[in-house]
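First up is the structure itself, then whatever we jot down about it.
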Amino acid sequence: MKYTTKDLTNIALIAASYAVVSLVLAPISFGNIQIRIAEVLTLLPLIYKPSIYGVTLGCFLTNLIGAMMGINILGFLDIFIGTLATFLAALGTYYFKDKTIKNIPLISMIFPVLLNGIFIGTELAFVLMPNNLMLGIIIFGLEVAIGQLIAVIVGYFIINAMKKNKIFENNKVR
């Protein structure tokens, strides 16, 4: 993987944008009922492959700062598990970007919803319902997935607007 200075700058800007949006909207970015608006960026790999690393770094920074400030109820565990979920979701978004249904990349859009629902729902169950993990995973997984679905639907329209405006035109998806 060889990235240009422009790619590295874009990765840093994506990471900073993710972290700032998540932390400014901290009351809705953490917890079992969450709509992490910055997760709209997990669809950027549809149009720009290096964004996988920007979104992952942004999630890592958000979860780290959130844990350090005490606003991330999952604490330091989320730095690794939440970041892994976002990384895998961004990868899935990229690798399935060409699999569309009526020109909509539904499989790519499902990755962030499904993976965050499973990973974050499981984390929340271990922290908030350790005596009834299965029920906790189902409840928290569904709550997180619903919030994620909202972010992904909004993200789809934002990514389409970015694509039409050729935001990353000089940085073709590799």
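So the sequence shown is numbered by the numbering used here: it starts at 39 and just counts up by one.
We put the CB at the ideal spot given by N, CA and C, even for glycine.
This structure is a prediction, so every number in the text was calculated from the model and none was measured.
For residue i, the nearest candidate out of the options (CA to CA)
{"i": "residue 196", "options": "81, 42, 59", "result": "81"}
{"i": "residue 145", "options": "204, 83, 54", "result": "83"}
{"i": "residue 108", "options": "132, 89, 61", "result": "61"}
{"i": "residue 160", "options": "152, 171, 100, 150", "result": "171"}
{"i": "residue 58", "options": "46, 100, 200", "result": "100"}
{"i": "residue 158", "options": "47, 44, 70, 46", "result": "70"}
{"i": "residue 194", "options": "155, 148, 152", "result": "148"}
{"i": "residue 39", "options": "85, 168, 135, 90", "result": "90"}
{"i": "residue 176", "options": "189, 154, 190, 188", "result": "154"}
{"i": "residue 202", "options": "85, 68, 43, 50", "result": "85"}
Same chain only: Cβ atoms within 6 Å of residue i, ignoring 5 sequence neighbours per side
{"i": "residue 212", "result": "For residue 212, the predicted model reports a pLDDT of 47, less than 50, meaning its position is unreliable and no value from the coordinates is stated."}
{"i": "residue 114", "result": "105"}
According to DSSP, residues forming a beta bridge with residue i
{"i": "residue 35", "result": "Beyond the ends of the chain as shown, which are 39 and 212, falls residue 35; an answer cannot be given."}
Contact set for residue i: own chain, Cβ-Cβ below 7 Å, skip 5 residues either direction
{"i": "residue 192", "result": "78"}
{"i": "residue 41", "result": "88"}
{"i": "residue 63", "result": "75"}
{"i": "residue 110", "result": "68, 101, 104, 116"}
* Hey, is the stretch 174–192 in contact with the stretch 111–118, meaning 3+ C-beta pairs nearer than 8 Å? -> No, the stretch 174–192 does not touch the stretch 111–118.
* Just checking, does the stretch 123–137 make contact with the stretch 90–100 on the three C-beta pairs under 8 Å criterion? -> Contact between the stretch 123–137 and the stretch 90–100 is present, because at least three Cβ pairs lie under 8 Å.
* Completely contained alpha helix (DSSP H) runs for the stretch 128–205, where each covers 4 or more residues -> Every alpha helix (DSSP H) stretch that sits fully inside the stretch 128–205 and reaches 4 residues is listed by chain position as 144–166, 171–202.
* Could you name each continuous alpha helix (DSSP H) segment of 4 residues or more that falls completely within the stretch 54–84, going from the start of the chain to the end? => Complete alpha helix (DSSP H) runs here, min 4: 64–67.
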